[in-house]
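Undergrad: Quick note, in this note's numbering, the sequence shown goes up one by one and the last residue is 489.
Input: one structure, supplied below.
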Amino acid sequence: SSAPGNTALEFEEAEYYETQVRILCSVFEEWQPDADEVGALLAETDAAAAELRAVAPERLPSFERWLLGGQQQGPTAAAAGGRRPARVEGAGGQAGGGGPVVPAGDSQGPGRYNPALALNRDDTWALTGRGLAYNASGRHEEALADFSRAIAVDPGSAEAFAGRGDTYRSMGRYQDALADYDRAIDLDPGLSPAVSGRAQAYGHLGRYEDALAEFERAIALDPSDTWTLSARGLVYSMMDRQQDAVADYTHVLELEPDNAWALTARGDTYLSISRYEEALADFDRVLTVDPGSYQALDGRGRAYRDLERYDEALADFDRAVALDPDNAQAFLGRGLTLQDLERYEQAVADFSRCIELDPADSLAIGGRGETYHLMGRYDEALADRDRAVGLRPGDDWALAGRGETYLALGRYEEALADLTQALDLDPSDGWALVNRGKTYHALGRYEKALADYARALDIDPDDTDATAGRAQTLTAMGRPSEPQN
5 SSAPGNTALE FEEAEYYETQ VRILCSVFEE WQPDADEVGA LLAETDAAAA
55 ELRAVAPERL PSFERWLLGG QQQGPTAAAA GGRRPARVEG AGGQAGGGGP
105 VVPAGDSQGP GRYNPALALN RDDTWALTGR GLAYNASGRH EEALADFSRA
155 IAVDPGSAEA FAGRGDTYRS MGRYQDALAD YDRAIDLDPG LSPAVSGRAQ
205 AYGHLGRYED ALAEFERAIA LDPSDTWTLS ARGLVYSMMD RQQDAVADYT
255 HVLELEPDNA WALTARGDTY LSISRYEEAL ADFDRVLTVD PGSYQALDGR
305 GRAYRDLERY DEALADFDRA VALDPDNAQA FLGRGLTLQD LERYEQAVAD
355 FSRCIELDPA DSLAIGGRGE TYHLMGRYDE ALADRDRAVG LRPGDDWALA
405 GRGETYLALG RYEEALADLT QALDLDPSDG WALVNRGKTY HALGRYEKAL
455 ADYARALDID PDDTDATAGR AQTLTAMGRP SEPQN
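Below is the structure:
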């Protein structure tokens, strides 16, 4: 509405000038004029804006107010007007306060600040805003340059230090990020994005207790910050505190019911603690909001696979691969499902594609080794399983797998060493116990074989391999009719 006391004529003038201002602002965003052109465009725009200010100042939106003349003020005047660089959510997190100006991941976003910087290359507001936009677009070196320039002009800019900290964190330079977050918090202890950023850097460095303490501070400063709540949920997951992670994701969803990221993360967490129906419900909700979410398809596929609903799992992995043909995890999930369905050649092809995309994926390498083993291609199986152990030297699954293949190749002492090491790591691994029992049997160490089969049957009384192995060993000992204790 028009300002108090405005006449009907003034109201119509406001409508006219507001339309003119919006058209000229769109020119700024789409054309991005150079330094020679910006002056003339600003003069024309300011003429319309001046009339609009005169008749209805409250109708000039804050972003357009900056674009149309506020950018000519220095950092002190901008701060006095309560304007700070926008909050940008995307790769690298967030810094600063206020409402969104630059869309996350929008590669055109940085250009929005060029007119202001053409007029004043040392405008810390615009430098920090463009740095945030560069970081959100993955253009980290350009972001660092803008933040560093802003800091050189105004060493007291907490937002610039926080933004540079976010960029360092995006680049995996966590110690550099911590140094900048420390400086930002020294300058402005209430800058919650800097506190949250420092917490996330601690999490990446494995300093989980420090991370949780910082998250508590950040959430106290801004209890509705869904980004910080989500990040704390991730740290809880890293600490294997899955119930706490679920609580944080649930809080995020109370604030933002259609937050696809939080739904996917909660679904993954439910899956990790075998709460399959709840995981499926979350993945289904994501796919209702975003049918093209390959992360949700991958998660739902894994849930279906764990539930032995292999055809449904395969359908989801097929869709995930179609949506993102370069996603290694989708090929891994489909490969494991094809292996379950005994479609071994196709499984090998998917594992191989996953390994092409991610040569260090030990699960794909070990999975292909297991598939080769099931096909009787033991030399190829051993090569892959040996690689998997090299990538996961203290992993019971990788060691037990290699032990199984050593057993098939008749290399019993090597099999015994691997299987014993695997059982030291996980004494409840029935599969490793059965294979070690078979190894002891092959070495003629029947009493030890019987002991392993008995332990396997204590874990799973319906383990048919353990039952068959025990019967074979008893027969070899001349005690074929002895009952199981």
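Ideal placement from N, C-alpha and C gives every residue a C-beta, glycine not left out.
I need the DSSP call for Ile277, collapsed to helix, strand or coil.
TA: The answer is coil: DSSP assigns Ile277 none of H, G, I, E or B.
Undergrad: Which of the three DSSP states, helix, strand or coil, is assigned to Gly473?
TA: Residue state, collapsed to three classes: helix.
Undergrad: Could you tell me the alpha carbon to alpha carbon distance between Gly473 and Tyr457, rounded to whole angstroms?
TA: Near 7 Å, if we compare the C-alpha coordinates of Tyr457 and Gly473.
Undergrad: My guess is that Ala249 and Ser241 are in contact by the Cβ rule of under 8 Å, so how many angstroms apart are they, rounded?
TA: About 5 Å separates the two Cβ atoms, so the contact holds.
Undergrad: Mind checking whether Asp344 and Tyr298 have CB atoms under 8 Å apart?
TA: It is not a contact, given that the beta carbons lie outside the stated cut-off.
Undergrad: Which residues bound the alpha helix (DSSP H) around Arg338?
TA: Run containing Arg338: 332 to 344, per the alpha helix (DSSP H) assignment.
Undergrad: If you draw a straight line from the alpha carbon of Arg289 to that of Ser234, how long is it in whole angstroms?
TA: In a straight line, the C-alpha of Arg289 is about 18 Å away from that of Ser234.
Undergrad: Is Gly303 buried or exposed, if buried means 16 or more other CB atoms sit within 10 Å of its CB?
TA: By the neighbour-count rule (16 or more Cβ atoms within 10 Å), Gly303 is buried.
Undergrad: Just to confirm the assignment, what range does the alpha helix (DSSP H) spanning Asp456 have?
TA: Counting along the chain, the alpha helix (DSSP H) containing Asp456 begins and ends at 450 to 463.
Undergrad: Ignoring anything shorter than 4 residues or poking outside the region 396 to 426, list the alpha helix (DSSP H) runs there in chain order.
TA: Runs of the alpha helix (DSSP H) inside the region 396 to 426: 400 to 412.
Undergrad: If contacts are defined as beta-carbon pairs under 8 Å, then Leu238 and Gly207 qualify, I think. What distance do you get, rounded to the angstrom?
TA: Confirmed, Cβ separation roughly 7 Å.
Undergrad: Excluding the 5 residues preceding and the 5 following Leu386 in the sequence, name in chain order all residues of the same chain whose CB lies nearer than 6 Å to its CB.
TA: Taken in chain order, the residues that qualify are Thr409.
Undergrad: If I measure Cβ to Cβ from Ala162 and keep anything under 7 Å in the same chain, skipping five residues before and after, which residues do I get?
TA: Ala188, Leu191, Asp192, Leu195, Ala198, listed in sequence order.
Undergrad: Just mark Ala130 as buried or exposed, buried being the case when its beta carbon has 16 or more other beta carbons within 10 Å.
TA: Its Cβ being crowded by 16 or more others within 10 Å, Ala130 is buried.
Undergrad: Rounded to whole angstroms, what is the Cα-Cα separation between Gln246 and Ile277?
TA: Going by the C-alpha atoms only, they are around 8 Å apart.
Undergrad: Please return the same chain residues whose Cβ sits closer than 6 Å to the Cβ of Met481, not counting the five positions on each side in sequence.
TA: For Met481, where only same-chain residues beyond five positions count, the Cβ hits under 6 Å are Tyr450.
Undergrad: Three-state secondary structure (DSSP) at Leu378?
TA: Of the three classes helix, strand and coil, the one that applies to Leu378 here is helix, per DSSP.
Undergrad: Please go through the same chain and pick out, in chain order, the residues whose beta-carbon is closer than 6 Å to the beta-carbon of Tyr376, but skip the five residues on each side of it.
TA: The residues are Glu384, Ala385.
Undergrad: Can you tell me where the alpha helix (DSSP H) with Leu257 in it begins and where it stops?
TA: From DSSP, the alpha helix (DSSP H) with Leu257 extends over 246 to 259.
Undergrad: First and last residue of the alpha helix (DSSP H) that includes Ala154?
TA: From DSSP, the alpha helix (DSSP H) with Ala154 extends over 144 to 157.
Undergrad: Put Asp362 into one of helix, strand or coil per three-state DSSP.
TA: The answer is coil: DSSP assigns Asp362 none of H, G, I, E or B.
Undergrad: Mind checking whether Arg306 and Gly337 have CB atoms under 8 Å apart?
TA: Cβ distance < 8 Å, so Arg306 and Gly337 count as in contact.
Undergrad: Using a 10 Å radius around the Cβ and a threshold of 16 neighbouring Cβ atoms, would you call Pro119 buried or exposed?
TA: So Pro119 ends up on the buried side.
Undergrad: Quick check on this structure: which residue in Ala324, Glu281, Arg309 has the alpha carbon closest to the alpha carbon of Pro295?
TA: When only C-alpha atoms are compared, the closest one is Ala324.
Undergrad: For Leu28, does the three-state DSSP call read helix, strand or coil?
TA: With a pLDDT of 49 at Leu28, under the threshold of 50, the modelled position of this residue cannot be trusted, and the question is left open.
Undergrad: Between which two residues does the alpha helix (DSSP H) harbouring Leu131 extend?
TA: Where Leu131 is concerned, the enclosing alpha helix (DSSP H) stretches over 128 to 140.
Undergrad: For Thr443, which of Ser432, Asp430, Ala421 has the nearest alpha-carbon?
TA: The option with the nearest alpha carbon to Thr443 is Ala421.
Undergrad: Whole angstroms is fine: what's the gap from Leu461's alpha carbon to Trp435's?
TA: Those two C-alpha atoms are separated by around 11 Å.
Undergrad: Leaving out the 5 sequence neighbours to the left and right, which residues in its chain are closer than 8 Å to Thr468 when beta-carbon positions are compared?
TA: So no residue of the chain qualifies.
Undergrad: Can you list, in chain order, the residues of its chain with a C-beta nearer than 7 Å to that of Leu423? Leave out the 5 residues immediately preceding and following it.
TA: Excluding sequence neighbours, Leu423 sits near Ala404, Gly407, Ala436, Asn439, Arg440, Thr443.
Undergrad: Go ahead and label Thr268 buried or exposed: buried means 16 or more other beta carbons lie within 10 angstroms of its beta carbon, across all protein chains shown.
TA: Buried is the call here.
Undergrad: Between which residues of its own chain and Thr128 is the CB-CB distance below 7 Å, once the five residues before and five after are set aside?
TA: So the qualifying residues of the chain are Pro79, Ala154, Val157, Asp158, Ser161, Ala164.
Undergrad: Where do the N-terminal and C-terminal ends of the alpha helix (DSSP H) with Leu191 fall, by residue?
TA: Leu191 -> alpha helix (DSSP H) spans 178 to 191.
Undergrad: State buried or exposed for Val352, treating a residue as buried only when at least 16 other CB atoms are found within 10 Å of its CB.
TA: It counts as buried.
Undergrad: Suppose the cutoff is 6 Å on Cβ atoms and the five residues either side in sequence are ignored; what does the same chain contact list for Gly167 look like?
TA: Hits under 6 Å: Ala99, Thr132, Gly135, Leu136, Phe151.
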